[in-house]
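Taking it in order: structure first as structure tokens, then the write-up.
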Amino acid sequence: MTIDELILEVQGLLGRTMQRARSSEEKELFRVAAAALMFISESGTVHSFEDYLQFRKGAPPYAVAAFKTREEADVWLRHHPAPPHGTFVLIADEYHIVMHVREVDDRQLFPHPILEGYLEQLQQAVLPGTLPSFETRGEAEAWLKGQPEPLQSAFMVIAGRRHVALYHRHLDHYSIHLLPEPGTGLSG
0 MTIDELILEV QGLLGRTMQR ARSSEEKELF RVAAAALMFI SESGTVHSFE
50 DYLQFRKGAP PYAVAAFKTR EEADVWLRHH PAPPHGTFVL IADEYHIVMH
100 VREVDDRQLF PHPILEGYLE QLQQAVLPGT LPSFETRGEA EAWLKGQPEP
150 LQSAFMVIAG RRHVALYHRH LDHYSIHLLP EPGTGLSG
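Just so it is clear: in the sequence shown, position 34 is 33 by numbering that gives the first Met the number 0, and no numbers are missing.
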């Protein structure tokens, strides 16, 4: 089924379900969901949405951009014609949420803990055994870039500490995250 056919099928399902909705509030929720699909179609983002669906399975939380420094991110935000409110960006591989109040053109980036739950799930998937080991982050990055195909995630040891590299396909970027020691949890 193509993405266009899938969107039409979902719109049909929403329409049929909306007819059975009991309250005007429920019907409005279905209308909003159908309108979101129409927006995807009419704004020319169908293929981006298709990529999002295809690579979302097991992928890290979606980020619209990646920056090495906070200063780079702030410049991007100040000069962006329409900051993507509610989306995530990576700053030095840490997730931040973009906040934009259009009425007063207030633009902010705030750290966000979205990755914590994802890392906890990944932590459980680490198989005992030998992990690739590197002295520096630069060596790990070079190893990742040298892979014949991008790895969606790769566990490794850098300077004696366990890390995971997460591939952000649409950015062609690996973010590298320190993992907690087994049994300590992410916040401890």
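C-beta atoms are modelled at their ideal positions from N, C-alpha and C, and glycine is treated no differently. All figures in this text were calculated on a predicted structure; none of them were measured in a lab.
- prompt: Does the pairing of the stretch 71-84 with the stretch 97-106 give three or more beta-carbon distances under 8 Å?
  reply: yes
- prompt: Is the Cβ-Cβ distance between Y173 and E140 less than 9 Å?
  reply: yes
field: DSSP bridge partner residues for Q107 (one or two, in chain order)
entry: M98
task: Could you pull out every residue in the same chain whose Cβ sits closer than 6 Å to the Cβ of R19, ignoring the five residues on either side in sequence?
output: none
field: Beta carbon of L89 nearer than 9 Å to that of A124
entry: no
- request: Say whether the stretch 6-16 touches the stretch 24-36, bearing in mind that this needs 3 or more beta-carbon pairs closer than 8 Å, one atom from each stretch.
  value: yes
field: Proximal residues to P83 (C-beta, below 6 Å), its chain only, five neighbours per side dropped
entry: V63 and V97
- request: Going by DSSP, name the residue or residues bridged to H172.
  value: H167
task: Just tell me which of F48, L165 and L177 has its CA closest to the CA of A58.
output: L165
message: Mapping the DSSP letters down to three states, classify S152 as helix, strand or coil.
response: strand
query: According to DSSP, which residues form a beta bridge with V45?
result: Per DSSP, none; premise fails for V45.
message: With H, G and I counted as helix, E and B as strand and the rest as coil, what does DSSP make of H162?
response: strand
- prompt: Near I2, which residues of its chain fall below 6 Å by C-beta distance, leaving aside the five closest residues on each side in sequence?
  reply: V45 and E49
- prompt: Got a sec? Which residues, its chain only, sit under 6 Å from T86 by beta carbon, not counting five neighbours each side?
  reply: V63 and V97
query: Who does E93 pair with in a DSSP beta bridge?
result: I90
message: Measuring alpha carbon to alpha carbon, tell me which residue in F66, A81 and F133 is nearest E102.
response: A81
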